[in-house]
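Note sheet for the following structure.
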Amino acid sequence: MSQAAVRSRTAALSIAPLTPTIGAEVSGIHLSKPMDEETRAALREALLEWKVIFFREQDITTEQHLAFARNFGELEVHPFAPHKDGFPEVLAITHDRDRPGKENKWHSDVTWRECPSLGSVLRAVEVPEVGGDTLFSDMYAAYDGLSDEVKEKIEGAVAVHDFAHFRVLMQKRGKTPEEIEAMNRKYPKVEHPVVRTHPETGRKGIYVNVAFTQHIVGMEKEASDALLAHLYAQAAIPEYQCRFRWKANSIAFWDNRACQHYAVSDYWPALRKMERVTIIGDRPY
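So, in structure tokens, the structure goes:
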């Protein structure tokens, strides 16, 4: 699809796809400015179509970052990740020589929540000269590419999601068993469909990920592990992906209901400093 064919209803806004199905760069807008309803609708339409949209040269404040994200829903406070001082909704994601990157697993954000994220807005503050790209994978295409046999196996199936990785981090940071148990009660393991129906597009997509999914309910462990491994592997198929090279003041806004992402950790010991705001979604079905 050509850039002209996907030009926004707002004359100044243009959308250039990175691949045939996922990822598009948006130009003709600066996110520091208040957004009118026409522009908001055009961006939401682009997000639904391309699953992740990118903006360049957006030198904005933290308050403007938050204001942009709030155009699309209420914002969450992550209970485990470090926040920017004074801004509890802003995740401070910094990696350097002493803190190597560790988000290099395909995942959708916070699927361990009862109502996981609608989307995430990530801003590049300081990035390596080379490396540190983020890949995004189209979970509609991943589902469509499954064999009929696998689709039949996962029809109606549900899987358990858990914040297991963060529990380990809590232990390493010296949290007491009582403190960890309090978080277990506050964020109990949840069940989500293996195949999610997007609430706005109605399309089906794979909704299990290696970071947070534990097992498929009602299936023997060996069979569950094998089926999940097959589903996880679909995100790594290049035909379903786009890749974004960061520059300072670049922004990515992705739909966690329709895609997964992978932050490439190939830049050590360079500094990569990012800030993320996450929009609350609804319960998957």
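Residue numbering for the sequence shown follows the working numbering, beginning at 117 and increasing consecutively.
Just so it is clear, CB atoms sit at the ideal spot from N, CA and C, and this is done for glycine as well.
Residue i in three-state terms, based on DSSP
| i | result |
| --- | --- |
| V266 | helix |
| K305 | coil |
| P385 | coil |
| K337 | helix |
| L164 | helix |
| P216 | coil |
| R319 | coil |
| H346 | helix |
| L134 | coil |
| L91 | Here the chain has residues from 117 to 401 only, and residue 91 is not among them. |
| R399 | coil |
| L147 | coil |
| T155 | helix |
| D260 | helix |
| A379 | strand |
| A352 | helix |
| T394 | strand |
| K221 | coil |
Span of the alpha helix (DSSP H) around residue i
| i | result |
| --- | --- |
| P293 | P293 to K302 |
| L207 | Segment F203 to H211 is the beta strand (DSSP E) holding L207; no alpha helix (DSSP H) there. |
| K288 | A280 to K288 |
Own chain, CB closer than 8 Å to residue i, minus 5 neighbours either side, in chain order
| i | result |
| --- | --- |
| V193 | H199, P204 and E205 |
| Q287 | I296 |
| D175 | S148 and N365 |
| A128 | G144 and I145 |
| P150 | A183 |
| L191 | L182, A185, E205, V393, T394, I395 and I396 |
| E307 | V274, A275, V276, H277 and V333 |
Contacts around residue i, its chain only, beta-carbon distance under 6 Å, and the 5 residues preceding and following it disregarded
| i | result |
| --- | --- |
| F184 | L147 |
| T329 | A275 and H277 |
| G247 | D382 and Y383 |
| A273 | V310 and I332 |
Pick from the options that is closest to residue i, judged by C-alpha positions
| i | options | result |
| --- | --- | --- |
| M255 | Q330, A352, Y303 and T329 | A352 |
| I270 | M335, I296 and V226 | M335 |
| W384 | V393, H211, L343 and S340 | H211 |
| D382 | S130, P136, G290 and R215 | R215 |
| I169 | Y401, V284, A339 and C358 | C358 |
| I145 | S130, H314 and M299 | S130 |
| H181 | A368, R399 and R388 | A368 |
| Q420 | R160, Y259, R239 and I138 | What is shown of the chain runs 117 to 401, which leaves residue 420 out entirely. |
| E173 | N187, V241, E165 and R186 | V241 |
| L344 | Y323, K363, A386 and E294 | Y323 |
| P304 | E268, L251 and C231 | C231 |
| K302 | T178, F196, T137 and E391 | F196 |
| V284 | R312, A327, K337 and G318 | A327 |
Beta-carbon separation (whole angstroms), residue i vs residue j, contact threshold 8 Å
| i | j | result |
| --- | --- | --- |
| Y356 | A257 | 4 Å |
| G73 | I332 | Because the chain here runs from 117 to 401, residue 73 falls outside it and cannot be looked at. |
| A72 | V142 | The structure shown does not extend to residue 72, since the chain is modelled only from 117 to 401, so the question has no answer here. |
| R373 | L234 | 7 Å |
| E316 | L164 | 6 Å |
| W166 | Q376 | The Cβ separation is near 15 Å, so there is no contact. |
| W228 | F279 | 4 Å |
| W370 | F252 | 6 Å |
| L207 | E391 | 7 Å |
Residue i: first and last residue of the uninterrupted beta strand (DSSP E) it sits in
| i | result |
| --- | --- |
| E242 | S233 to E242 |
| Q357 | Q357 to F360 |
| L182 | Here L182 belongs to no beta strand (DSSP E); instead the alpha helix (DSSP H) covers T178 to R186. |
| A140 | A140 to S143 |
| A368 | I367 to D371 |
| T250 | T250 to D254 |
| A273 | Looking at the DSSP string, A273 is not in any beta strand (DSSP E), and its letter there is neither H nor E. |
Beta-carbon contacts of residue i that lie in its chain and below 7 Å, excluding the five residues immediately before and after
| i | result |
| --- | --- |
| H314 | G321, R373 and A374 |
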